[in-house]
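Everything below concerns the one structure shown next.
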Amino acid sequence: MAKSENILTVLKLKTLKPEQKGERLSDGGGLSGCVSVGRDGRVTVQFTYQFRIGERRREKRCGTWPIKDLADIRAEREKLRKQVNQGIDPIEQERRDKEEAERQQRNRELQHQLQAAEAARLAARMTFSELFEKWHAQQLQQTRKDKGAEIRRQFEKDVIPTLGNMFADEVTRRDIAALLNAIVARGSNRMANVTLTDLRQCFGWAIGGGLLENDPTSHLKKASFGGKEEERDRVLSDSELRHLLQVALPSSNLSVKGKAGIRIMLSTVARVGELLRAKREDIDLDRREWLIPKENAKNGNAHIIHLSTFACTAFTELLSVQDHPVWLFPDRTGTTHVCPKTLTKQIADRQRDSVPMTGRSKDATSLILSGGQWRSHDLRRTGSTLMGEIGIRPDVIDKCQNHIEENRVTRTYQRQELLAERKAAFNALGERLELLSNPTAVNVITLKRA
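Residue numbers (my numbering): 246 to 695.
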């Protein structure tokens, strides 16, 4: 340090008077101070360090005496002087240091936020069982006619035992593939396909609601798990209908309601679920009409079915069983209708040609037909086919089935209901079924109407 430096002493500073306000004091080595007086009359000295960077003359504060000791002020000058000797501008360096400190602080705050978010995410993680319950309550119960009962039964049988305790965001394609392969292994290809579809809907709903980020069902194809389901095309032939209506149905141990229900589905081309959900108030035998309300229809559109004589006779038999004031097919509790699959199972139980299932009908063969196994929905297809065979126009048959027109333009601009044509179609179908039910009407040939 040069001998000319450190000119000032603490004693000299203490002797400064308020009258010396504004006086500049030099300590050498580029350090100088300016005398100031506070409102309380106290004398202070603000020190700065003057330096040159290139062609620029600059100064940097080193502190205020006596708030800061003179020795510390000089130490600050030495630090600044070393920076200048290294070609560093102390003022710019301070700015950069401040920006770096602010950047690091922002990074610390961001890291803290990320850690808090991750902690919250981990705390909110759901098991697959919890995800299913959310999906069931918020989606299935609101949109499915059975309030999600069938999917719950299916998942509790196959999905929940395998995936239920896993975190939903940790379920992988491999987990789901193993689950589906297990279903296929027991011979339930169709159920594997249905389960894959339902799982995809469940995970899709979760992603849409921000509950999950990834769908583990993506890239899984039905072809890998039993293949795509074949579209059923089972139609009962005339000879099978004769045997069913004349022999098999009368001799089976189905209830009066069950027998009437089969004839109703044939003659109205209605779905089994629409029949089993029906109320007595929906049937008007005087007007020969059956109203299927929109909540019972698969497409959500209310539908009126004209009842032929054949259908009226079947409904009369069904209504003769006075077991409930509201429902045509009440459940055991009497609070609602039976499960929509009830009649379907009863039909299947009587086509087993084997030992009857435990707790099911002992009559395991009465409804077997020569063309192979048939289901309740095949009756709807058969009735529609009979309409086509006797010359009913396809568009009228579609209206009889309450189908929605696939062509958007046609659906938008052609709103006709074809009520007269539908009535004629149902009557023609009923007449055809009357003939097939009559043992004396032999060698009946179907002729198309003009």
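Heads up, the beta-carbon is just placed ideally off N, CA and C, and yes, glycines get one too.
Just the Cα atoms here: how many angstroms apart are R532 and A609?
For the purposes of this step, residue 532 is taken as residue 287 along the sequence shown, with counting starting at 1. For the purposes of this step, residue 609 is taken as residue 364 along the sequence shown, with counting starting at 1. Each residue's Cα considered, the two are about 39 Å apart.
Start and end of the beta strand (DSSP E) containing S277?
For the purposes of this step, residue 277 is identified with residue 32 of the sequence shown, where counting begins at 1. Run containing S277: L276 to V282, per the beta strand (DSSP E) assignment.
Look at the Cβ atom of S682, then the Cβ atom of Q387, and state whether they are nearer than 8 Å.
Taking the first residue of the sequence shown as 1, we reach residue 682 at position 437. Taking the first residue of the sequence shown as 1, we reach residue 387 at position 142. Their beta carbons are not under 8 Å apart, which means S682 does not touch Q387 by this criterion.
DSSP state of L270, grouped into three classes?
Counting from 1 along the sequence shown, the entry for residue 270 is found at position 25. DSSP places L270 in strand when its eight states are reduced to three.
Given a cut-off of 8 Å on the beta-carbon distance, is the pair R677 and L631 in contact?
The residue you call residue 677 lines up with position 432 of the sequence shown. The residue you call residue 631 lines up with position 386 of the sequence shown. Yes; because the gap between Cβ atoms is below 8 Å, this pair is in contact.
Give me the Cα-Cα distance between T554 and Q383, rounded to the nearest whole angstrom.
Numbered from 1 along the sequence shown, position 309 holds the residue referred to as residue 554. Numbered from 1 along the sequence shown, position 138 holds the residue referred to as residue 383. Going from the Cα of T554 to the Cα of Q383 covers about 45 Å.
Among the candidates S463, N434, G432 and S433, whose CA atom is the shortest distance from the CA of C447?
Along the sequence shown, one-based indexing puts residue 447 at 202. If we check each option's Cα against that of C447, S463 comes out closest.
Quick check on L355: buried or exposed, where buried means 16 or more other Cβ atoms within 10 Å of its Cβ?
As a working mapping, residue 355 is identified with position 110 in the sequence shown. With fewer than 16 other Cβ atoms within 10 Å, it is exposed.
In chain order, what residues of the same chain have a beta carbon less than 8 Å from the beta carbon of D342, not counting five sequence neighbours either side?
By 1-based counting over the sequence shown, the position of residue 342 is 97. None.
Please list the terminal residues of the continuous beta strand (DSSP E) segment that includes W380.
Here residue 380 refers to the residue found at position 135 of the sequence shown. Premise fails: W380 lies in the alpha helix (DSSP H), F373 to W380, not in any beta strand (DSSP E).
If I follow the unbroken beta strand (DSSP E) through K607, where does it start and stop?
As a working mapping, residue 607 is identified with position 362 in the sequence shown. No residue range can be given for K607, since it is assigned to no beta strand (DSSP E) and is classified by DSSP as neither H nor E.
Quick check on the DSSP output: the alpha helix (DSSP H) that includes T513 runs from which residue to which?
Your numbering for residue 513 matches position 268 in the sequence shown. Looking at the DSSP string, the run of the alpha helix (DSSP H) that includes T513 is V501 to T513.
Looking only at its own chain, which residues have a Cβ that is under 6 Å from the Cβ of P575, when we skip the five neighbours before and after it?
In the sequence shown, residue 575 corresponds to position 330, counting from 1. Result list for P575: H569, in chain order.
Could you tell me how far apart the beta carbons of L481 and W572 are, in whole angstroms, since I believe they sit closer than 8 Å?
Counting from 1 along the sequence shown, the entry for residue 481 is found at position 236. Counting from 1 along the sequence shown, the entry for residue 572 is found at position 327. The pair is not a contact, with the Cβ atoms about 28 Å apart (cut-off 8 Å).
Going by the CB atoms, is the gap between L315 and L258 shorter than 8 Å?
Residue 258 sits at position 13 when you count from the first residue of the sequence shown. Residue 315 sits at position 70 when you count from the first residue of the sequence shown. Yes, the Cβ-Cβ distance between L258 and L315 is below 8 Å.
Helix or strand or just coil, what does DSSP make of R522?
Locating residue 522 in the sequence shown gives position 277, where the first residue counts as 1. Note: R522 maps to coil in three-state DSSP.
Should the segment 448-459 be regarded as contacting the segment 432-440, the criterion being three or more beta carbon pairs within less than 8 Å?
They do not touch, by the three-pair rule.
Is the CB-CB distance between S496 and S611 below 8 Å?
The residue given as residue 496 occupies position 251 in the sequence shown. The residue given as residue 611 occupies position 366 in the sequence shown. Contact flag set, yes.
Is Q265 closer than 8 Å to V255 when the C-beta atoms are compared?
For the purposes of this step, residue 255 is identified with residue 10 of the sequence shown, where counting begins at 1. For the purposes of this step, residue 265 is identified with residue 20 of the sequence shown, where counting begins at 1. With contacts defined by Cβ atoms closer than 8 Å, V255 and Q265 do not form a contacting pair.
Pull up the distance between the alpha-carbon of G675 and that of K390, whole angstroms please.
The count along the sequence shown starts at 1 and reaches residue 675 at position 430. The count along the sequence shown starts at 1 and reaches residue 390 at position 145. C-alpha separation (whole angstroms): 30 Å.
Kindly identify the DSSP beta-bridge partner or partners of T578.
Here residue 578 refers to the residue found at position 333 when the sequence shown is read from its first residue. DSSP output for T578 lists no bridge partner at all.
Tell me which residue opens and which closes the beta strand (DSSP E) that Q295 is part of.
Against the sequence shown, residue 295 aligns to sequence position 50. Element bounds for Q295: V288 to I298.
Could you name the residues that DSSP lists as bridge partners for E534?
Locating residue 534 in the sequence shown gives position 289, counting from the first residue. E534 is bridged to D529 and H551.
Are the segment 367-381 and the segment 402-415 in contact at 8 Å, needing three or more beta carbon pairs?
Because the criterion of three Cβ pairs below 8 Å is met, the segment 367-381 and the segment 402-415 touch.
Using the Cβ count rule (16 or more neighbours within 10 Å means buried), how would you classify A686?
Within the sequence shown, the letter at position 441 stands for residue 686. Answer is exposed; the Cβ neighbour count stays below 16.
Strictly by DSSP, which residues pair up with L308?
Here residue 308 corresponds to residue number 63 of the sequence shown, with the count starting at 1. For the sequence presented, residue 308 should be read as Gly rather than Leu. According to DSSP, G308 bridges with F292.
So for R348, helix, strand or coil by DSSP?
Position 103 of the sequence shown holds residue 348. It is helical.
With distances taken from CA atoms, which of L614, R522 and E540 is nearest G579?
Within the sequence shown, residue 579 is the residue found at index 334, counting from 1. Out of L614, R522 and E540, R522 has the C-alpha closest to the C-alpha of G579.
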